[in-house]
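Visitor: Input: one structure, supplied below.
In the working numbering, the protein residues as written are 15 to 486.
Below, the structure is given as structure tokens:
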């Protein structure tokens with residue numbers, strides 16, 4: 015087995031920066047008791063002012079004034095870690111959150127699917143960068159070694175037990191994940207690296223240190239296994255984003271909404287499903303939430319598509335009050351079936367799948383503005399079709415090309431139009447039972463420009479032809 019460990023060294027800070035559209039504003043995260051506030055993390059703009067993690071807030075104020083202070087939010091970090099586990103589930107069925115601010119993935123069984131490790135690792139880094147997260151990634155032969163090696167390395171890959179052991183021997187004692195008192199005792203003994211600790215007789219270690227130390231060293235070398243709880247993705251997605259200020263503009267809501275939908279897309283990809291219906295709640299400082307329902311006719315999981323649909327529903331919405339927070343809930347998560355495409359498509363960049371076009375039209379024009387057509391058992395063309403909801407299925411087959419794809423709302427007299435009649439007439443006599451009796455001879459015609467139409471002559475009145483529709 016091969017284990018990858020992904021460490022997120024700035025997870026608390028990244029969890030906030032990824033939700034803000036002002037990355038150049040100096041920002042610090044605060045922690046500690048009220049009597050002594052300490053900077054836990056700073057973004058690059060704050061570091062440029064001379065601020066650094068570990069400073070007291072008082073010292074930071076003495077250096078600079080123009081920076082934003084936010085509290086470390088444990089709930090936000092925990093929610094982000096579970097989202098990352100859902101994302102990683104796409105690449106491995108064995109994903110663990112055993113260590114804080116880190117993911118463990120068994121990737122040995124995934125290399126045949128996602129390619130050799132360098133390409134696999136590059137894909138992980140690319141997708142994590144799109145999620146707005148910094149990372150360190152290490153590959154090792156057991157999960158404990160992968161996590162410990164990530165304390166000092168980034169990009170290291172040791173694929174067997176011997177190579178893993180050799181990489182561990184030079185690790186500093188303080189970075190081995192040992193209890194603090196044990197690491198300090200080793201340092202006082204002059205033991206600075208793991209190789210020096212392992213050179214001691216095992217009986218000496220057992221006599222001078224608790225069993226927990228020897229157990230950790232054995233797990234580090236792969237001599238004993240670490241019991242891991244593996245992540246199972248939930249059947250429902252929910253996320254909430256605090257805007258920290260009131261927003262009254264639809265345009266200003268698009269950036270946080272895009273981040274939430276990117277997270278939803280990552281969750282759906284990891285769970286190998288799509289979303290057919292989700293709700294966005296616009297929370298106001300006072301009054302009831304404004305609910306935005308987005309429904310699709312087929313499962314989808316492309317973040318750009320979901321954002322465009324949500325935007326189409328959001329823009330015509332009248333906000334009763336400024337928005338303070340956003341919440342997104344998706345619990346209709348059916349299986350996702352990718353659209354089949356031709357292997358060689360000469361116009362792949364110009365074509366748009368009908369399903370995506372249909373959803374865009376529904377979002378822009380409204381659900382009632384886009385309908386499907388269903389064949390009805392009636393020979394009269396104006397009664398042979400009926401508007402139905404998209405996706406409704408009928409049991410009446412229609413031969414392709416037997417009827418025009420576009421029927422005019424009102425037949426038009428063919429007067430002054432140069433055309434030629436094609437083939438024999440098709441007679442339709444019907445409708446006597448409902449008062450709409452028709453007696454017509456229908457002809458296929460072709461204009462000088464090459465357009466093909468469908469025209470009829472009313473047998474009860476005679477006279478010229480009337481154009482009723484066009485063929486594609």
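Beta carbons are placed, not taken as given, at the ideal position from N, Cα and C, and that holds for glycine.
Let me check understanding here. Comparing Cα to Cα, which of 486, 72, 484 and 59 lies closest to residue 49?
Guide: The candidate whose alpha carbon is nearest that of residue 49 is 72.
Visitor: Residues in the same chain with beta-carbon distance under 6 Å from residue 197, minus the five sequence neighbours each way, listed in chain order, please.
Guide: 187 and 188.
Visitor: Just the C-alpha distance for residue 40 and residue 56, rounded to the nearest angstrom, thanks.
Guide: Roughly 8 Å between the two C-alpha positions.
Visitor: Based on DSSP bridge pairs, tell me the residues matched to residue 460.
Guide: In the DSSP output, where bridge partners are listed per residue, residue 460 has 434 and 466.
Visitor: Whose C-alpha, out of 393, 220 and 456, is nearest the C-alpha of residue 476?
Guide: If we check each option's Cα against that of residue 476, 456 comes out closest.
Visitor: Buried or exposed, going by whether 16 or more other CB atoms sit within 10 Å of the CB of residue 9?
Guide: Only positions 15 to 486 of the chain appear in the structure, and residue 9 is not among them; the question remains open.
Visitor: Which runs of the beta strand (DSSP E) at least 3 residues long sit entirely within the region 146-201? Give them in chain order.
Guide: Within the region 146-201, the complete beta strand (DSSP E) runs of at least 3 residues are 150-154.
Visitor: Taking all protein chains shown into account, do 16 or more other C-beta atoms lie within 10 angstroms of the C-beta of residue 467, making it buried, or fewer, making it exposed?
Guide: Classification of residue 467: buried, given that the 10 Å Cβ count is 16 or more.
Visitor: Which full runs of the alpha helix (DSSP H) of 4+ residues lie inside the region 81-116, going along the chain?
Guide: Taking only runs of at least 4 residues, the alpha helix (DSSP H) segments lying wholly in the region 81-116 are 88-102.
Visitor: Assign residue 437 to buried or exposed, taking buried as 16 or more other Cβ atoms, counted over all protein chains shown, within 10 Å of its Cβ.
Guide: It counts as exposed.
Visitor: Can you tell me which of the three DSSP states residue 471 falls into?
Guide: If DSSP states are grouped into helix, strand and coil, residue 471 belongs with the strands.
Visitor: Measuring straight from C-alpha to C-alpha, what distance separates residue 99 and residue 325?
Guide: Those two C-alpha atoms are separated by around 28 Å.
Visitor: Less than 8 Å between CB atoms is the rule here; does residue 258 satisfy it with respect to chain B?
Guide: The chain inventory of the structure shown lacks chain B, comprising one protein chain alone.
Visitor: Using the Cα positions of residue 413 and residue 398, report the straight-line distance between them to the nearest angstrom.
Guide: Distance between the alpha carbons of residue 413 and residue 398: 13 Å.
Visitor: If you drop the 5 nearest sequence neighbours on each side, which residues of the same chain put their C-beta closer than 7 Å to that of residue 64?
Guide: So the list reads 77 and 78, once near-sequence residues are dropped.
Visitor: Please report how far the alpha carbon of residue 155 lies from the alpha carbon of residue 348, in whole angstroms.
Guide: Cα to Cα, the separation comes out at about 36 Å.
Visitor: Buried or exposed: which applies to residue 474, given that a residue is buried once 16 or more other Cβ atoms fall within 10 Å of its Cβ?
Guide: Flag for residue 474 reads exposed.
Visitor: Compare the C-alpha of residue 321 against each of 332, 330, 308 and 312 and name the closest.
Guide: For residue 321, the nearest C-alpha among the options comes from 308.
Visitor: Quick one, which of 240, 28 and 181 has its alpha-carbon nearest residue 149's?
Guide: Taking only the C-alpha atoms, the option nearest residue 149 is 28.
Visitor: Could you tell me which residues DSSP puts in a beta bridge with residue 17?
Guide: BP columns for residue 17 point to 120 and 154.
Visitor: Closest to residue 167 by CA distance: which of 137, 19 and 43 is it?
Guide: Among 137, 19 and 43, the Cα nearest to that of residue 167 is on 19.
Visitor: Distance, Cα to Cα, residue 54 vs residue 147?
Guide: So the alpha carbons of these two residues sit roughly 17 Å apart.
Visitor: How would you label residue 262, buried or exposed, when you count the other beta carbons within 10 angstroms and need 16 or more for buried?
Guide: It is exposed - the Cβ of residue 262 has fewer than 16 other Cβ atoms within 10 Å.
Visitor: DSSP has residue 400 in a bridge; who is on the other side?
Guide: Answer by DSSP bridge pairing, in chain order: 388.
Visitor: Three or more C-beta pairs closer than 8 Å, one from the region 265-283 and one from the region 243-255: is that the case here?
Guide: Taking 8 Å as the limit for Cβ pairs, the verdict is that the region 243-255 does touch the region 265-283.
Visitor: Just verifying my parser: in three-state terms, what is the DSSP assignment at residue 244?
Guide: Note: residue 244 maps to strand in three-state DSSP.
Visitor: For a test of the three-state rule: what should DSSP assign to residue 230, helix, strand or coil?
Guide: If DSSP states are grouped into helix, strand and coil, residue 230 belongs with the helices.
Visitor: Per DSSP, which residues does residue 12 bridge with? Please list them.
Guide: Past the boundaries of the shown model lies residue 12; the chain is included only from 15 to 486, so the question cannot be answered.
Visitor: State buried or exposed for residue 446, treating a residue as buried only when at least 16 other CB atoms are found within 10 Å of its CB.
Guide: Classification for residue 446: exposed.
Visitor: Can you find the residues in the same chain that come closer than 6 Å, C-beta to C-beta, to residue 419, ignoring five residues on each side of it along the sequence?
Guide: Excluding residues within five positions, the ones whose Cβ falls inside 6 Å are 486.
Visitor: Using DSSP's beta-bridge definition, name the partner residues of residue 308.
Guide: Partner(s): 292.
Visitor: Relative to the alpha-carbon of residue 165, which residue among 121, 113 and 140 has its alpha-carbon at the smallest distance?
Guide: Minimum Cα distance to residue 165 is reached at 113.
Visitor: Quick one, which of 396, 375 and 403 has its alpha-carbon nearest residue 386's?
Guide: For residue 386, the nearest C-alpha among the options comes from 403.
Visitor: Taking all protein chains shown into account, decide if residue 314 is buried (16 or more other Cβ within 10 angstroms of its Cβ) or exposed.
Guide: With 16 or more other Cβ atoms within 10 Å, it is buried.
Visitor: Going by C-alpha to C-alpha distance, which of 294, 290 and 284 sits closest to residue 272?
Guide: Here the closest residue by C-alpha is 294.
Visitor: Can you give the Cα-Cα distance for residue 246 and residue 177, rounded to whole angstroms?
Guide: Their backbone Cα atoms lie some 32 Å apart in a straight line.
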